[in-house]
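Visitor: Residue numbers (our numbering): 71 to 566. We put the CB at the ideal spot given by N, CA and C, even for glycine. Since we're looking at a predicted model, the values are computed, not measured. Let me begin by handing over the structure; questions about it come next.
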Ligand code: NDP
């Protein structure tokens, strides 16, 4: 890989400081960033290179400060095409002609910046002929990718009028997580799971991704977005796709992304009658969390005091294909819940005939739990005989914890994805047809809520597991599993 210049639009923002620069530093430490690399932050705020560097150093734990000699800043308004000559001049100062544009601005700029890059001719790749600087061009687009189907289609069309699909990297940092990628290894590197990974043996799948925080200082952003757009349409449906996809012929960008897109295209559309029965929305109200009172959502800064934005969502998704017909996928996300956890539970079917009674009212079905975060790992739950007289069975966990292999940190996802992008590999990035297929499924839900403002939005106290009404959508098959912080803790009253 030749050295590259990473141009971050939104260089003065929160994402750059908290995630992107620490991730790039990790790549620098590992020697992935080649001699001659540079990182150019772009924003309207006025900073010198030195001020930019100093502002970032305070945001992380950086052992080798020489990294910051490669960081630069350009103050410009990226909405104004006339100012791109400033960008060109600045880029000409660098040795490398390979540019990776990172769009980390408010989403309203995701269409404007690419068009301005095109006007400035900065989208054009250059071959390395006769010693002239070669020039690859790539663009990373941060989430959210679209506000609804229409805006996602429009954004794709603008991006594709500037770059080829191969040059576009729509990032979903969930796909950079080791434990998410491990779903693929679990399914396709082992022969024991595939024969039972279907509607004949699997009863239901539960996917929970909850947080124990509110919206922090992001009220202004979150209130116009809500849980469906923020978590479900991208991250959770991506997890569902990895659980549900067919084995790709190759682990390569085309083949892998074909299978992901196929899952999205197989999601069974929800009719207007289905929506109120299959989806429960909630919004947190004031409640006690770990002995302290947390305020309600409508009292958060930047939130409309009559807001109808959902901070909790639980839904039942069905997939219409041979493998999954009739198997419900239950998805749940929420803010201000008792703990922060993301996990997938595969519930296998009950044995056809029960010989033994189960002690302590334990769940009788085998479960495979894939813990994405924290306490990354896996647990397989199965029944064993309770020692002693009689013949009772009890469920026990067999676990694997990822920290036996390596210590994983949150920042690893961004550095992994940045590395893939620098290598030009977009396997782990979302393709345009997949984004649109996902929106095609979720868009009718947003429309339904808009056209039916009286659709219930249940209040739930901060620190609880969400509205009790969410139990209704799962009650035919069972109950929601409220995970403990510790993966192998199966006690009812576990640490949260
Ligand atoms: P911030 O509000 O902190 O930063 C926004 C950045 O965009 C600032 O650097 C701002 O710089 C710049 N900007 C805004 N308008 C313009 C303009 N017209 N021309 C040039 N620069 C502009 O947002 P975040 O960093 O939190 O988020 C950035 C994007 O990343 C958002 O789309 C967000 O949804 C997404 N994201 C953020 C995450 C996070 O953890 N923060 C996580 C996942 C996605 P200036 O004002 O100096 O122009």
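Rounded to whole angstroms, what's the CA-CA distance from residue 503 to residue 407? Just pull it up for me.
Guide: Roughly 34 Å separates the two Cα atoms.
Visitor: Name the DSSP bridge partner or partners of residue 500?
Guide: Paired residue(s): 240.
Visitor: Would you say the beta carbon of residue 299 comes nearer than 7 Å to a heavy atom of the ligand NDP?
Guide: No, the beta carbon of residue 299 sits no closer than 7 Å to any heavy atom of the ligand NDP.
Visitor: Between residue 259 and the ligand NDP, is there a pair consisting of the residue's CB and a ligand heavy atom that are separated by less than 7 Å?
Guide: Not under cutoff, so the answer is no.
Visitor: Short of 8 Å in beta carbon distance, which residues of its chain neighbour residue 376, apart from the five on each side in sequence? Order them along the chain.
Guide: Once the five neighbours on either side are set aside, the close Cβ partners of residue 376 are 368.
Visitor: With distance defined between alpha-carbon atoms, name the residue in 489, 290, 422 nearest to residue 434.
Guide: Comparing Cα-Cα distances from residue 434 to each of 489, 290, 422, the minimum goes to 422.
Visitor: If we count the other Cβ atoms within 10 Å of its Cβ and call it buried at 16 or more, is residue 300 buried or exposed?
Guide: Counting Cβ neighbours within 10 Å, residue 300 comes out buried, since at least 16 surround it.
Visitor: Please classify residue 283 as buried or exposed, where buried requires at least 16 neighbouring CB atoms within 10 angstroms.
Guide: Counting Cβ neighbours within 10 Å, residue 283 comes out exposed, since fewer than 16 surround it.
Visitor: Between which two residues does the alpha helix (DSSP H) carrying residue 482 extend?
Guide: Its alpha helix (DSSP H) spans residues 482–492.
Visitor: Between the Cα of residue 476 and those of 305, 374, 328, 249, spot the shortest distance and give me the residue it belongs to.
Guide: Closest by alpha carbon: 249.
Visitor: Looking at the ligand NDP, does it come within less than 7 Å of residue 212, judged from the CB to the closest heavy atom?
Guide: Yes.
Visitor: Apart from the five residues on each side of it in sequence, which residues of its chain come closer than 8 Å, Cβ to Cβ, to residue 356?
Guide: Closer than 8 Å at Cβ, skipping near neighbours: 363, 364, 365, 366, 369, 531, 532.
Visitor: For residue 169 versus residue 78, is the C-beta spacing smaller than 8 Å?
Guide: No, the pair does not count as a contact, with Cβ atoms beyond the cut-off.
Visitor: Output needed for residue 424: all residues of its chain with C-beta closer than 8 Å, excluding positions within five of it in sequence on either side, in chain order.
Guide: Correct list, in chain order: 434.
Visitor: For a test of the three-state rule: what should DSSP assign to residue 409, helix, strand or coil?
Guide: Here residue 409 sits in coil by DSSP.
Visitor: Per DSSP, what are the beta-bridge partners of residue 79 in this structure?
Guide: Answer is 112, 173.
Visitor: Curious, which full-length beta strand (DSSP E) runs of at least 3 residues does the stretch 523–558 contain?
Guide: Runs of the beta strand (DSSP E) inside the stretch 523–558: 528–531.
Visitor: Relative to the alpha-carbon of residue 120, which residue among 383, 105, 137 has its alpha-carbon at the smallest distance?
Guide: Looking at the Cα atoms, 137 is the closest of the given residues.
Visitor: Quick one: does the C-beta of residue 160 sit closer than 7 Å to a heavy atom of the ligand GTP?
Guide: What this structure holds is the ligand NDP, not the ligand GTP.
Visitor: For a test of the three-state rule: what should DSSP assign to residue 189, helix, strand or coil?
Guide: Helix.
Visitor: Let's see if you can read the secondary structure: which residues bound the beta strand (DSSP E) around residue 210?
Guide: Run containing residue 210: 207–211, per the beta strand (DSSP E) assignment.
Visitor: Does the distance between the C-beta of residue 412 and the nearest non-hydrogen atom of the ligand NDP fall short of 7 Å?
Guide: No, the Cβ of residue 412 stays beyond 7 Å of every heavy atom of the ligand NDP.
Visitor: Please report how far the alpha carbon of residue 392 lies from the alpha carbon of residue 313, in whole angstroms.
Guide: So the two alpha carbons sit approximately 15 Å from each other.
Visitor: Within 8 Å, do at least three Cβ pairs link the stretch 305–320 to the stretch 231–247?
Guide: With a cut-off of 8 Å, the stretch 305–320 and the stretch 231–247 count as touching, because enough Cβ pairs lie within range.
Visitor: Along the chain, where does the alpha helix (DSSP H) containing residue 400 start, and where does it finish?
Guide: First-last for residue 400: 399–404, but that is the beta strand (DSSP E), not the alpha helix (DSSP H).
Visitor: Mark residue 123 as exposed unless 16 or more other C-beta atoms lie within 10 angstroms of its C-beta, in which case mark it buried.
Guide: It is buried - the Cβ of residue 123 has at least 16 other Cβ atoms within 10 Å.
Visitor: Would you mind sorting residue 468 into buried or exposed? The rule is 16 or more other CB atoms within 10 Å of its CB.
Guide: It counts as exposed.
Visitor: Are the beta-carbon atoms of residue 264 and residue 417 separated by less than 8 Å?
Guide: No, the pair does not count as a contact, with Cβ atoms beyond the cut-off.
Visitor: Taking 7 Å as the cut-off, is the beta-carbon of residue 485 closer than that to any non-hydrogen atom of the ligand NDP?
Guide: Not so, every heavy atom of the ligand NDP lies at least 7 Å from the Cβ.
Visitor: Per DSSP, what kind of secondary structure is residue 443 in: helix, strand or coil?
Guide: Three-state result, residue 443: strand.
Visitor: Short of 7 Å in beta carbon distance, which residues of its chain neighbour residue 484, apart from the five on each side in sequence? Order them along the chain.
Guide: Cβ neighbours of residue 484 beyond the five flanking positions: 89, 90, 93, 243, 246.
Visitor: Is residue 351 helix, strand or coil when you go by DSSP?
Guide: Note: residue 351 maps to strand in three-state DSSP.
Visitor: The beta strand (DSSP E) that contains residue 18, what's its start and end?
Guide: Residue numbering for the chain in the displayed model covers 71 to 566; residue 18 lies beyond these limits and cannot be assessed.
Visitor: Beta-carbon within less than 6 Å of residue 397's beta-carbon, same chain only, minus the 5 sequence neighbours each way: which residues are those?
Guide: Only 269, 272 meet the Cβ criterion.
Visitor: For a quick check, are the C-beta atoms of residue 340 and residue 515 less than 8 Å apart?
Guide: In contact: residue 340 and residue 515 (Cβ atoms closer than 8 Å).
Visitor: Return yes when the C-beta of residue 81 is under 7 Å from any heavy atom of the ligand NDP, and no when it is not.
Guide: The answer is yes for residue 81.
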